[in-house]
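**Student:** Before we start, here is the structure in question, set down as structure tokens.
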Amino acid sequence: KKLTIGLVPADGIGREVIPAAQKVMEAALPNRFSFLHLDCGFEHFQKTGVALPAETVQRLRDECAGALFGAVSSPSHKVAGYSSPIVALRKQLDLYANVRPVASPLGATGKPIDMVIIRENTECLYIKSERLLSTPLGKIAFADRQITEYASKRIGRMAYTIASQRLAARRAASGSSAGSLPPKATVTIVHKSNVLSITDGLFRESVRAVQADDPTFADIHVEEQLVDSMVYRMFREPEVFDVAVAPNLYGDIISDGAAALVGSLGVVGSANVGDTFVLGEPVHGSAPDIAGKGIANPIAAVRSAALLLAHIGESTPAHRINAAVDKVLVANDPSILTPDLGGRGTTDKVVRAIIAAL
Ligand code: NAI
Ligand code: MG
23 KKLTIGLVPA DGIGREVIPA AQKVMEAALP NRFSFLHLDC GFEHFQKTGV ALPAETVQRL
83 RDECAGALFG AVSSPSHKVA GYSSPIVALR KQLDLYANVR PVASPLGATG KPIDMVIIRE
143 NTECLYIKSE RLLSTPLGKI AFADRQITEY ASKRIGRMAY TIASQRLAAR RAASGSSAGS
203 LPPKATVTIV HKSNVLSITD GLFRESVRAV QADDPTFADI HVEEQLVDSM VYRMFREPEV
263 FDVAVAPNLY GDIISDGAAA LVGSLGVVGS ANVGDTFVLG EPVHGSAPDI AGKGIANPIA
323 AVRSAALLLA HIGESTPAHR INAAVDKVLV ANDPSILTPD LGGRGTTDKV VRAIIAAL
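full-length UniProt numbering numbers the first residue of the sequence shown as 23 and each following residue consecutively.
Right, here's the structure in full:
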């Protein structure tokens with residue numbers, strides 16, 4: 023039976039990298055998928071007045087085993103009636119974790135990097151509770167930040183589970199792979215509880231409590247790192263990190279930063295994961311500066327497709343796709359790679375090279 027995969031390219035280079043990832047999925051598992059193309063995004067909003075059609079959400083839920091999302095263009099000024107459809111989609115499908123592997127056989131420090139950043143996806147400052155007061159002393163803006171024990175424990179559980187799975191995979195592959203990580207699992211809790219002792223304090227306590235309550239996670243090494251020094255350490259010695267877990271805003275920032283360590287935002291994929299659905303999504307945005315030119319790097323979308331496949335039980339093609347991408351990266355052929363990686367190639371050339379490497 024065919025697996026139905028939803029494709030939601032949305033805006034800008036989303037329209038270029040999602041079809042590219044579709045081609046790679048089809049090549050990795052011919053005749054296995056049927057693809058369902060769905061609308062959403064700022065351009066769709068400009069045409070119809072609706073950013074995220076109810077039909078898109080419903081068909082994802084009812085018909086799809088999982089989906090792949092491109093990127094949305096969100097204007098930085100307020101547009102009446104518009105709010106980011108990806109934020110709404112994560113909420114409506116309860117995709118509470120954003121899992122972002124940052125991996126490269128050759129990272130910026132010359133060593134292999136193999137870490138996963140797990141970003142809480144539903145709360146923190148992104149509950150968007152802001153207000154502006156006009157006072158005799160000038161305007162004052164406030165934003166509320168929500169951290170719940172429930173969401174922090176749920177994301178903590180996800181972090182320990184992924185750390186255990188990665189450790190099992192490393193043990194199974196030991197000897198053969200040249201990975202940099204030691205044979206133990208480490209979860210780094212990222213926070214700033216020295217300053218925000220109540221909100222970040224609750225986050226760190228809750229994540230720790232998950233381990234204390236569950237003996238299956240007993241042998242995972244837990245570390246803490248304040249978010250500012252996390253940035254510093256990540257740039258100095260990224261190869262020491264295994265799994266990092268962070269509240270929404272810190273996770274957003276450190277994972278874009280980590281993308282620089284593996285060459286480009288154009289190579290980092292992610293998966294929005296809930297208990298009943300998974301949505302692959304490149305970490306990058308709609309890149310209006312290069313949209314329509316055929317030079318967007320499709321690797322982030324392809325890696326997101328691999329993450330999606332792994333989450334829906336197709337781990338063999340997921341591994342093959344990632345191995346093919348690694349091969350193309352290691353070959354480092356400037357006539358194939360896109361300009362963000364210093365090449366002069368195109369989206370299409372990269373896709374063909376990945377398919378050839380499969
Ligand atoms: P961006 O990620 O779109 O672009 C940042 C820089 O990286 C640009 O120079 C771009 O050309 C480059 N880049 C990004 N992806 C690339 C790829 N695949 N290949 C080659 N180069 C790539 O971030 P920016 O410029 O801050 O935001 C642009 C728009 O995207 C905004 O409207 C923003 O709201 C939206 N955005 C949407 C996201 C989403 O849909 N989840 C996430 C981040 C931004
Ligand atoms: Mg971001």
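Cβ atoms here follow ideal geometry from the backbone N, Cα and C, with glycine treated the same way.
Return yes when the C-beta of Asn319 is under 7 Å from any heavy atom of ligand 1, and no when it is not.
**Tutor:** It does: the Cβ of Asn319 is within 7 Å (strictly closer) of some heavy atom of ligand 1.
**Student:** Alpha helix (DSSP H) containing Ile343: first to last residue?
**Tutor:** Here the alpha helix (DSSP H) through Ile343 covers 337-353.
**Student:** Identify which residue in Phe239, Val305, Leu203, Arg83 has its Cα closest to the Cα of Ala293.
**Tutor:** For Ala293, the nearest C-alpha among the options comes from Val305.
**Student:** Measuring only the C-alpha atoms, how far is Arg325 from Ile162?
**Tutor:** If you take the alpha carbons of Arg325 and Ile162, they lie about 42 Å apart.
**Student:** Taking DSSP as the reference, what is the three-state secondary structure of Ser174?
**Tutor:** Ser174 falls in the helix class under three-state DSSP.
**Student:** In angstroms with no decimal places, state the Cα-to-Cα distance between Thr369 and Leu117.
**Tutor:** Going by the C-alpha atoms only, they are around 29 Å apart.
**Student:** Identify, in the order they occur along the chain, each residue of the same chain with its Cβ nearer than 8 Å to the Cβ of Gly279, setting aside the five sequence neighbours on each side.
**Tutor:** For Gly279, where only same-chain residues beyond five positions count, the Cβ hits under 8 Å are Val253, Met256, Phe257.
**Student:** Based on Cα-Cα distance, which residue from Val39, Ala50, Val94 lies nearest to His66?
**Tutor:** Ranking Val39, Ala50, Val94 by Cα distance to His66 puts Val94 first.
**Student:** State buried or exposed for Lys371, treating a residue as buried only when at least 16 other CB atoms are found within 10 Å of its CB.
**Tutor:** It counts as buried.
**Student:** Taking Ala191 as the reference, give the member of Lys206, Met180, Ile358 with the closest Cα.
**Tutor:** Considering only alpha carbons, the answer is Lys206.
**Student:** Tell me, please, which residues DSSP counts as bridged to Asn120.
**Tutor:** Beta-bridge pairing links Asn120 to Arg141, Asn294.
**Student:** Buried or exposed: where does Ala375 fall if 16 or more other Cβ atoms within 10 Å of its Cβ makes it buried?
**Tutor:** Buried.
**Student:** Return yes when at least one heavy atom of ligand 1 lies under 7 Å from the C-beta of Thr360, else no.
**Tutor:** Indeed, a heavy atom of ligand 1 lies less than 7 Å from the Cβ.
**Student:** Cβ atoms of Ile177 and Asp166: under 8 Å apart, would you say?
**Tutor:** No, the pair does not count as a contact, with Cβ atoms beyond the cut-off.
**Student:** Using only CA atoms, which one of Ser174, Tyr182, Val138 lies nearest to Val284?
**Tutor:** For the residues Ser174, Tyr182, Val138, the minimum Cα distance to Val284 belongs to Val138.
**Student:** In angstroms, rounded to a whole number, what distance separates the CA positions of residue 414 and Gly34?
**Tutor:** No information on residue 414 is available, as it lies outside the stretch 23 to 380 that the chain covers here.
**Student:** Buried or exposed for Pro204, going by 16 or more other Cβ atoms inside 10 Å?
**Tutor:** It counts as exposed.
**Student:** Can you find a heavy atom of ligand 1 that lies under 7 Å from the Cβ of Ile276?
**Tutor:** Incorrect: Ile276 has no Cβ contact closer than 7 Å to ligand 1.
**Student:** Helix or strand or just coil, what does DSSP make of Ile135?
**Tutor:** Correct three-state label for Ile135: strand.
**Student:** Taking the straight line between their C-alpha atoms, what separation do you get for Phe225 and Glu171?
**Tutor:** Spanning the two alpha carbons is a distance of roughly 7 Å.
**Student:** Got a sec: does ligand 1 put a non-hydrogen atom nearer than 7 Å to the Cβ of Ile139?
**Tutor:** Result no, Cβ not under 7 Å from ligand 1.
**Student:** Helix, strand or coil: how does DSSP classify Pro41 here?
**Tutor:** Here Pro41 sits in helix by DSSP.
**Student:** Between Gly316, Val124, Leu82, which lies nearest to Thr26 when the distance is taken from Cα to Cα?
**Tutor:** Of the listed residues, the one whose Cα sits closest to Thr26 is Leu82.
**Student:** In its own chain, which residues sit with a C-beta less than 6 Å from the C-beta of Ile334, not counting the 5 before and 5 after it?
**Tutor:** Here the set comprises Ala87, Gly88.
**Student:** I need the DSSP call for Thr368, collapsed to helix, strand or coil.
**Tutor:** Thr368: coil per DSSP, three-state reduction.
**Student:** Between the region 138-147 and the region 257-276, can you find at least three pairs of beta-carbon atoms closer than 8 Å?
**Tutor:** Touching, per the Cβ criterion.
**Student:** Excluding five sequence neighbours on each side, which residues of the same chain lie with their C-beta closer than 8 Å to the C-beta of Gly365?
**Tutor:** Contacts found: Asp355, Pro356, Ser357, Ile358, Leu359.
**Student:** Kindly indicate which three-state DSSP category Ala181 falls into: helix, strand or coil?
**Tutor:** It is helical.
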